[in-house]
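Following numbering that gives the first Met the number 0, the numbering of the sequence shown begins with 0 at its first residue and continues without gaps.
Glycine included, each C-beta is placed from N, C-alpha and C at the ideal position.
Note that the coordinates shown come from a computational prediction; the quantities given were computed from them, not determined experimentally.
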Amino acid sequence: MSRIIVSDTSCLVLLDKLNSLYILEKLFSEITITPEIEKEFGQSLPAWITVVEVQNKEYQTVLQTNIDAGEASAIALALEQKNCLLILDDNKARKTATRLGIDYVGTLGLLVEAKEAGLIQLVKPVLEQIKATNFRITENLERKILDLAGE
0 MSRIIVSDTS CLVLLDKLNS LYILEKLFSE ITITPEIEKE FGQSLPAWIT
50 VVEVQNKEYQ TVLQTNIDAG EASAIALALE QKNCLLILDD NKARKTATRL
100 GIDYVGTLGL LVEAKEAGLI QLVKPVLEQI KATNFRITEN LERKILDLAG
150 E
């Protein structure tokens with residue numbers, strides 16, 4: 000059984016800004032998002048991104064009292080899937096995912112995986128590009144990612 004990969008909006012937006020959306024396709028072949036995330040992303044989607052509606056809208060609504068609509072929908076969808084990995088960057092949403100027992104990875108963690116898979120040569124130049132966007136990276140997080148990448 001293959002793993003279902005559910006992505007929140009931030010990963011899509013950031014990788015799109017870097018012209019690196021291909022990393023998701025190369026790492027996972029298929030990504031699943033919700034209609035809320037599709038709307039937040041606001042661009043046409045490649046064929047390898049599937050849009051799936053959350054079945055338990057009540058649970059999604061409860062989650063939205065603490066996190067934004069896209070994150071709430073991603074977590075609700077991840078809960079409905081078996082063998083799921085959630086791509087999630089927001090700290091508050093990550094804490095919610097942890098409490099609910101959902102496996103997740105952040106966009107920066109995906110960059111380490113992309114280097115290990117030979118999709119990118121170095122993580123550091125990509126982090127420099129990211130710092131030029133509105134995506135926030137603390138010095139501690141940057142150091143941790145570079146250590147994981149062996150840089």
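Reference Lys81, options Leu87, Gly100, Gly69, closest by Cα: Gly100
Thr97 Cβ short of 7 Å to the ligand MG heavy atom set: In terms of ligand content, the structure shown is empty, and the ligand MG therefore cannot be addressed.
Exposure of Glu127, with buried meaning 16 or more beta-carbon neighbours within 10 Å: exposed
Enclosing beta strand (DSSP E) for Val5 [first to last residue]: 3–6
Minimum Cβ-Cβ distance from Leu107 to chain C less than 8 Å: No chain C is part of this structure, which consists of one protein chain only.
Three-state secondary structure (DSSP) of Leu87: coil
Nearest neighbour of Ile86, chosen from Ser72, Asp67, Thr106 [CA to CA]: Thr106
DSSP beta-bridge partners of Tyr103: Leu85
Buried or exposed by the 16-neighbour rule on C-beta atoms within 10 Å, applied to Leu140: exposed
Given 8 Å, three or more beta-carbon pairs between the region 88–96 and the region 0–11: yes
Nearest-angstrom Cα separation, counted from Ala75 out to Tyr58: 7 Å
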